[in-house]
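> In the working numbering, the protein residues as written are 9 to 271.
#1: Could you name the residues that DSSP lists as bridge partners for residue 52?
#2: In the DSSP output, what is residue 200 paired with across the bridge?
#3: The alpha helix (DSSP H) with residue 138 in it runs from where to where?
#4: According to DSSP, simplified to helix, strand and coil, what is residue 255?
#5: Three-state secondary structure (DSSP) at residue 46?
#6: Which partner residues does residue 261 have in the DSSP bridge list?
#7: To the nearest angstrom, how far is the alpha carbon of residue 95 from that of residue 265?
#8: Count the other CB atoms, across all protein chains shown, that sit within 10 Å of the CB of residue 124; report buried if there are 16 or more and exposed otherwise.
#9: Below 8 Å on the Cβ atoms is my guess for residue 46 versus residue 22; work out the distance and round it to an integer in Å.
#10: Are the beta-carbon atoms belonging to residue 325 and residue 81 less than 9 Å from one another?
#11: Quick check on DSSP: helix, strand or coil for residue 105?
#12: Once you ignore the five residues that flank residue 58 on each side, which residues in its own chain have a CB closer than 6 Å to its CB?
#13: Between residue 24 and residue 97, how many whole angstroms is the CB-CB distance? I'm expecting something under 8 Å.
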């Protein structure tokens, strides 16, 4: 039987790497995992000030529980250094990878009009970046139970909305990697799952969208609002815990029952 302390801090003693965690959904996930007892690596690409703020927030209530590490998820050596930094700082191989880093095409091109450069930019982060992080995690996460790979996709991978072809395809690749990884990691005690958020009120969602569009999205949700990053973080926290050991190779929608697949 778990002790009260273990129940309150189910991730105590575990190390989590959260990519793209200086803001948005990744930030909320990192803060939540730390609240569950995890030591957390805050990964960022360019804005060290934002990452340092997240570290300071976590360490204010859990001293020495977070560090920030700059790393480009699209670069294998950079990702290797991210895992190296986690081990060096916390004295243990990472137990948890949450791959939250992602980009979206701000102008929302149709496939016919998508510049190849835009496609390459999206796939470089969303698909290639996920692949590189998953490859490193598959080789380096702690074995024997408690290992977790949690990827972020999007409900657009099911909605198949026009003018998001490159982004949707990149997220479909993410979902496929999670399902394949779950089988390939047989016997390691490591699970691989994917979270597919619906519309979440982040900078990434608001970029390039009109008030009219946002109003339509809100009206399409049974809750009558956009999702919040804090709606997603607890689901990731569950998947990172021992309670989720029997959840493997799954894509879990976290979208408030968002029903309008055409908008």
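We put the CB at the ideal spot given by N, CA and C, even for glycine.
Concretely, from the data shown:
#1: DSSP lists 78 as partners of residue 52.
#2: In the DSSP assignment, the residues bridged to residue 200 are 157.
#3: Per DSSP, residue 138 is one residue of the alpha helix (DSSP H) stretching across 137-148.
#4: Reduced to three states, the DSSP call for residue 255 is coil.
#5: Three-state DSSP puts residue 46 in coil, outside helix and strand.
#6: In DSSP, residue 261 forms a bridge with 204.
#7: Their Cα atoms are separated by approximately 39 Å.
#8: Burial is judged here by how many other beta carbons sit within 10 angstroms of a residue's own beta carbon; residue 124 has fewer than 16 and is exposed.
#9: Confirmed, about 5 Å.
#10: Residue 325 lies beyond the range of the chain shown here (9 to 271); nothing can be said about it.
#11: Residue 105 carries a strand assignment under DSSP once its states are collapsed to helix, strand and coil.
#12: Within its own chain, the residues whose Cβ lies closer than 6 Å to the Cβ of residue 58, once the five positions on either side in sequence are excluded, are 30 and 31, listed in chain order.
#13: The C-beta distance from residue 24 to residue 97 rounds to 12 Å, too long to fall under 8 Å, and the pair is not in contact.
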